[in-house]
Amino acid sequence: MPVRPALVAAATLLFLLAAPALPASADPYESVTVDPVGRIAEDGTVTLSGTYRCTAGTGPVFVSSSVREGSSSVRHGIGGTRAVCDGVEHSWKNTGKPSETPAPGAAHVEATLMELSLQGGLPLPRFHAVGQRDITLTQG
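Its first residue numbered 3, the sequence shown is counted upward by one per residue in this note's numbering.
Here it is as structure tokens:
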């Protein structure tokens, strides 16, 4: 029945919109950092990078990232990387092509280490860590 998937999607969206602000880190041994420089390719593709550390979870864990320029309130999602949660520090690198190509210069990046864990049959987010940093976007 096509109504049930729509209800599940709506319930998940409502949960995400109502979720409280993300903690700086859910566990003192889990972290995510953002490198001070991001790259803009000739075709407008943005590459962001950093490091992460997490402990084992029950579901898949990802490092997601977004970039915002200047005082704009618009954030552009920049890719996602599957994380290996073994307690060891790893590097991450995400690439994505925003709808509007950012200009070289100052930007603000947020990276999130998030697990999708099944609760009552729904994949719900469990946040492991969040990192934010003012960076410089460079061409090339």
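Using N, Cα and C, we set each Cβ at its ideal position, and we do this for glycine too. Since the model is a prediction, treat every value here as computed from it, not as a measurement.
Please tell me whether residue 47 and residue 99 are closer than 8 Å, where the distance is taken between their beta carbons.
Result yes, Cβ atoms of residue 47 and residue 99 sit closer than 8 Å.
field: Sufficient close CB pairs (3 or more, under 8 Å) joining the stretch 83-93 to the stretch 103-112
entry: No, because fewer than three Cβ pairs between the stretch 83-93 and the stretch 103-112 fall closer than 8 Å, the two stretches do not touch.
* Tell me residue 31's beta-bridge partners as DSSP assigns them. => DSSP, once it has assigned bridges, lists no residue as partnering residue 31.
Contact set for residue 57: own chain, Cβ-Cβ below 7 Å, skip 5 residues either direction: In its chain, beyond the 5 residues on either side, 29, 31, 32, 87, 89 have a beta carbon closer than 7 Å to the beta carbon of residue 57.
DSSP three-state label for residue 95, please. Secondary structure at residue 95: strand, using DSSP grouped into helix, strand and coil.
Notebook entry, point to check: Whose C-beta lies closer than 6 Å to the C-beta of residue 135 among residues of the same chain, with five residues either side of it excluded?
Noted result: Closer than 6 Å at Cβ, skipping near neighbours: 36, 111.
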